[in-house]
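Undergrad: To start, I am sharing the structure in question, which I have written as structure tokens.
In UniProt numbering, the protein residues as written are 1 to 688.
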């Protein structure tokens, strides 16, 4: 184990410039060190008075019992500056590690839930740069800053009432942000580590492989899980891509033009001798159903293995404090007995029912209007082409689809902002509840906005050629737009607009480097990235049997998506805080729902396939009998999907055994604590 007094590679040069004497003091002897690692930058408003800054620093360094965060603070350039740099002492890092339920490597080499009392038996316990990742250390600082509470009614020095009035148990950080005193809180980049990560990641010449452990160590679990899923999803696209290319170029007779015709496509002559013995259309549909099921089950196993490897598979459930932005009347919380803002549940439900649901309904109506407009212009352009049969009108056949795609994209962007405002107005107390309602609103609209017209074409119009044309337009236009927004725009932004540290040199003052980091825009989160992958997965699992080139196009897009997302994260935005997580959360459920729907979608698309229609017509089956057969086949396929899900466990056996071992040892430790307490109580003299 490395001594705490040895200089650690990768520490910021701020310590060298200011020296440890400029930091606040710690009372714990084991936390005293000559090398302090700056972790988080707090940017203040320019007009903040020094007395206010001094009070904020005193609260950050105050003990937890006094309502503080028990962290180390540095004033930056001087007390008149607009920044505060925050670090964490050793004991604070270890205490919060136990509170979060993180697992770390024990002396026997196994991952074990960390215990502060048993800390000396964990590996690298004297070296916080090795014991905890950079992302974990920075999140712990943010966690402690969020936990600061006023112990009694008081006024913030230098801020006039009512903005500066703090009530008992009120969040200090939220109050300072609402009052405009704190502009931003940012985890600090470590440029040497970031440069090394960039060389491994987006600058690497090979097309495959991501440094997931390095991503997790630097950016945290939320970011690492997204890129791990993107990596796994892209790798899983190879089998359907190979099958799609084989069907397209080696089985040309499997053409949907033998099915229902639109006015825009001429009827091709039927050649029975060119038909394959097994319909490629049917093969693609069955493969899509099985692939989506196996893909999700294998991902859950990979996710479980990653959660063990990263020490997050045993996270502790905590009582959630009110999120920033929550407001209400100050009253006693019946759960905690503390004085804090409360908001009646009936008012929240009333806002959801009277405001949120009708507004979401209006936007769904706009989707229907766009779909009606698409059909109108589709018939109009088809009439022109039927009358002239020219090359120019043939090109115009794709114009309604392109216009409708642009319409849905613009409507989707507007709705995301509206959904965020609606969720804010509902005034949810916990951040998890806020995220759930916000994500639900966006997912419902996204599914309807992106797939409603495809379902209508497939199952109501029963026009498979039009569905194929629509899907090809979607994929090609989306591919072009994504490549422009994901590659060209980030390059131009980085080259001409951002790169705040481009003109800085290594020997410039460290304060200038900190200010350059703070000037970058905030990271927008992974919401839009997950939505994009979810829509992709829907196109592939629901409708790829109609257009077999879906998987190859998505594969090409994702090979560049990995690099460009990494480039944007490292170069264009402030580093985000990333909480320890054990999986993708609600997004994993969304992908599983689409996987289940794919069984029904592909089953009914099979019913509309040309070969199946010919078989039913030749057999003389009535439409009612065909419907009954289709329902039976659908239920059989759903059973097959469920059997596959049961046969493939959600977590590998070795992960299950490790998890059960941790649960067993935790129960044994709890029993020992109870025995020790009972013995101590027995030794205490009883009161007369």
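The beta carbon of each residue, even a glycine, is placed where N, CA and C say it ideally should be.
Tell me whether the region 134-141 and the region 218-226 touch, counting them as touching only if at least three CB pairs, one residue from each stretch, are closer than 8 Å.
TA: yes
Undergrad: Which residues mark the beginning and the end of the alpha helix (DSSP H) in which residue 240 is found?
TA: 238-250
Undergrad: Under a three-way DSSP split, which group does residue 552 fall into?
TA: helix
Undergrad: Taking the straight line between their C-alpha atoms, what separation do you get for residue 51 and residue 662?
TA: 49 Å
Undergrad: Let me know if residue 269 comes out buried or exposed under the rule of 16 or more other beta-carbons within 10 Å of its beta-carbon.
TA: Its pLDDT being 39, under 50, residue 269 is placed unreliably by the model, and nothing is read from it.
Undergrad: Give a yes or no on whether the C-beta atoms belonging to residue 302 and residue 227 are separated by under 7 Å.
TA: no
Undergrad: Within this structure, are the beta carbons of residue 150 and residue 170 separated by less than 7 Å?
TA: yes
Undergrad: On the criterion of 16 or more Cβ atoms from any shown chain inside 10 Å, does residue 25 qualify as buried, or is it exposed?
TA: The residue is exposed, with fewer than 16 neighbouring Cβ atoms inside 10 Å.
Undergrad: Distance check for residue 413 and residue 185, CA to CA, integer angstroms please.
TA: 27 Å
Undergrad: Please name the residue, chosen from 521, 192, 204, 161, that lies closest to residue 562 on a Cα-to-Cα basis.
TA: 204
Undergrad: On a Cα-Cα basis, can you pick out the residue from 668, 658, 544 that is closest to residue 105?
TA: 658
Undergrad: For residue 629 versus residue 599, is the C-beta spacing smaller than 7 Å?
TA: No, the pair does not count as a contact, with Cβ atoms beyond the cut-off.
Undergrad: Taking DSSP as the reference, what is the three-state secondary structure of residue 216?
TA: helix
Undergrad: Give the secondary structure of residue 570 by DSSP, where H, G and I count as helix, E and B as strand, and everything else as coil.
TA: helix
Undergrad: List in chain order: all unbroken alpha helix (DSSP H) runs of 4+ residues lying wholly within the region 608-645.
TA: 610-619
Undergrad: How would you call residue 606, buried or exposed, if buried means at least 16 neighbouring beta carbons within 10 angstroms?
TA: Classification of residue 606: buried, given that the 10 Å Cβ count is 16 or more.
Undergrad: Kindly give me the distance between the Cβ atoms of residue 73 and residue 64, rounded to whole angstroms, as I take these residues to be in contact under 8 Å.
TA: With a Cβ gap of about 15 Å, residue 73 and residue 64 do not count as contacting.
Undergrad: Determine, using beta carbons only, whether residue 694 and residue 241 come nearer to each other than 7 Å.
TA: As displayed, the chain neither begins before 1 nor continues past 688, which places residue 694 out of reach and without an answer.
Undergrad: Report all residues from its chain with a CB closer than 7 Å to the CB of residue 245; omit the five preceding and five following residues, and keep chain order.
TA: Scanning its chain for C-beta atoms nearer than 7 Å, with the 5 sequence neighbours on each side dropped, one finds around residue 245 the residues 552, in chain order.
Undergrad: Taking only runs that begin and end inside the region 127-206, name each unbroken beta strand (DSSP E) of 3 or more residues, in chain order.
TA: 182-187
Undergrad: Below 6 Å CB to CB, which residues in the same chain sit around residue 271 once its five sequence neighbours on both sides are set aside?
TA: Bear in mind that a pLDDT of 39 at residue 271, under 50, signals an unreliable position, so the model cannot answer this.
Undergrad: For residue 61 and residue 202, I'd like the C-alpha separation in whole angstroms.
TA: For residue 61 and residue 202, the distance between alpha carbons rounds to 39 Å.
Undergrad: I'd like the list of long-range same chain contacts for residue 415, defined as Cβ closer than 8 Å, with 5 residues on each side in sequence excluded.
TA: 363, 442, 445, 449
Undergrad: Which value, in whole angstroms, describes the spacing of the CA atoms of residue 97 and residue 114?
TA: 7 Å
Undergrad: Counting along the chain, where does the alpha helix (DSSP H) carrying residue 393 start and finish?
TA: Boundaries of the alpha helix (DSSP H) around residue 393: 391-396.
Undergrad: Within 10 angstroms of the Cβ of residue 160, are there 16 or more other Cβ atoms? Answer buried if so, exposed if not.
TA: exposed
Undergrad: Short of 8 Å in beta carbon distance, which residues of its chain neighbour residue 57, apart from the five on each side in sequence? Order them along the chain.
TA: 24, 73, 75, 84
Undergrad: Quick check on residue 87: does DSSP put it in helix, strand or coil?
TA: Strand at residue 87.
Undergrad: Kindly say whether residue 120, judged by its beta-carbon, lies nearer than 7 Å to any beta-carbon of chain C.
TA: The structure shown contains no chain C, having only a single protein chain.
Undergrad: Going along the chain, which residues of its own chain have a beta-carbon closer than 8 Å to the beta-carbon of residue 90, five neighbours each way excluded?
TA: The beta carbon of residue 90 lies closer than 8 Å to those of 4, 28, 30, 31, 33, 128 in the same chain, with the five residues before and after it left out.
Undergrad: Where does residue 343 fall in DSSP's three states?
TA: Coil, per DSSP.
Undergrad: Going residue by residue through the region 28-103, where are the continuous beta strand (DSSP E) segments of at least 3 residues, counting only ones entirely within it?
TA: 40-44, 72-74, 83-87
Undergrad: Among the candidates 651, 465, 229, 293, whose CA atom is the shortest distance from the CA of residue 724?
TA: Any question about residue 724 goes unanswered here, given that the chain covers just 1 to 688.
Undergrad: Anyone know if the C-beta pair for residue 69 and residue 145 falls short of 7 Å?
TA: yes
Undergrad: Under the rule that 16 or more other beta-carbon atoms within 10 Å means buried, what is residue 379, buried or exposed?
TA: exposed
Undergrad: Starting from the C-beta of residue 122, find all residues in its chain whose C-beta is less than 8 Å away, skip the five residues before and the five after it, and write them out in chain order.
TA: 104, 105, 106, 107, 112, 114, 131
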